[in-house]
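In the numbering used here, the protein residues as written are 31 to 257.
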């Protein structure tokens, strides 16, 4: 069994594997994601719904300044969980990738390609000297080439495609509810209602107001249900 001193030796560097094949800094980053408020993504045949619990911890706080959902381009958006500053950097990475594709080829980036660009950037931060893993995870949603897609990327740079999922605090419980209630043929409005329900069930804190965005063939639409 590895002692505390041995473990600390592997904690000091973000890109050294422990003898049992673990990167402790990546695991700590995943724990940081779990401490954040939850975000949910639900894919339907007509589009993708992103929703996030937005905690307002003081009546003096301006609600609009707490951003969990971000527009990337006309047909893509992301929801975040974890450290806000880290998530903001990843949002900038996603927007630059979308702009480069648009300027270079005159086309919108596909959701899968956007996810790959973000995931590769995240993964580089798990193996480069002088860096640390991002303490944030993203749900990446898009409607490109007539195809709604939903992906998740975590602090290791692993990308997974989902029909419906959740990240952040209470994500395991929310995912169980989605497994019970999700219908692959549901409409966008039904998905909006489901996202609100699972977030409300998970976070009953006063001041926790869900925000919602919908991405369809018509583009990205923000719906601030707190208004």
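For every residue, glycine included, the Cβ atom is placed at its ideal position computed from N, Cα and C.
Task: For residue 122 and residue 156, the rounded distance between their alpha carbons - done: It is roughly 19 angstroms from the alpha-carbon of residue 156 to the alpha-carbon of residue 122.
Margin query: Can you tell me whether residue 242 is helix, strand or coil according to DSSP?
Written below: Three-state result, residue 242: strand.
Open item on the list: Classify residue 130: buried if its beta carbon has 16 or more other beta carbons within 10 angstroms, exposed otherwise.
Closed with: Result: exposed.
To the nearest angstrom, how far is the alpha carbon of residue 77 from that of residue 46? The straight-line gap from Cα to Cα measures roughly 41 angstroms.
* To do: Identify every residue that forms a DSSP beta bridge with residue 259.
  => The structure shown does not extend to residue 259, since the chain spans only 31 to 257, so no value can be given for it.
According to the Cβ coordinates, are residue 166 and residue 110 closer than 9 angstroms? Taking 9 angstroms as the cut-off, the Cβ atoms of residue 166 and residue 110 count as close.
Quiz item: With respect to the beta strand (DSSP E) encompassing residue 120, which residues constitute its N-terminal and C-terminal limits?
Solution: Run containing residue 120: none in the beta strand (DSSP E); it sits in the alpha helix (DSSP H), 114 to 135.
Three-state secondary structure assigned by DSSP to residue 76: Reduced to three states, the DSSP call for residue 76 is coil.
**Study point:** Delimiting residues of the beta strand (DSSP E) encompassing residue 194
**Key:** Looking at the DSSP string, the run of the beta strand (DSSP E) that includes residue 194 is 194 to 197.
Counted within 10 angstroms of its Cβ, other Cβ atoms place residue 207 as buried (16 or more) or exposed: By the neighbour-count rule (16 or more Cβ atoms within 10 Å), residue 207 is buried.
Of the residues 81, 144, 223, 137, the one placed nearest residue 125, counting alpha carbons only | Taking only the C-alpha atoms, the option nearest residue 125 is 144.
Just tell me which of 188, 179, 54, 71 has its CA closest to the CA of residue 153.
Nearest in C-alpha terms to residue 153, of all of 188, 179, 54, 71, is 188.
CB-CB under 6 angstroms to residue 212, same chain, minus the five flanking residues each way: which ones, in chain order? If we look at residue 212 and ignore the five residues flanking it on each side, its Cβ neighbours are 194.
Separation of residue 228 from residue 210, as counted between CA atoms: Per the coordinates, the alpha-carbon of residue 210 lies some 11 angstroms from the alpha-carbon of residue 228.
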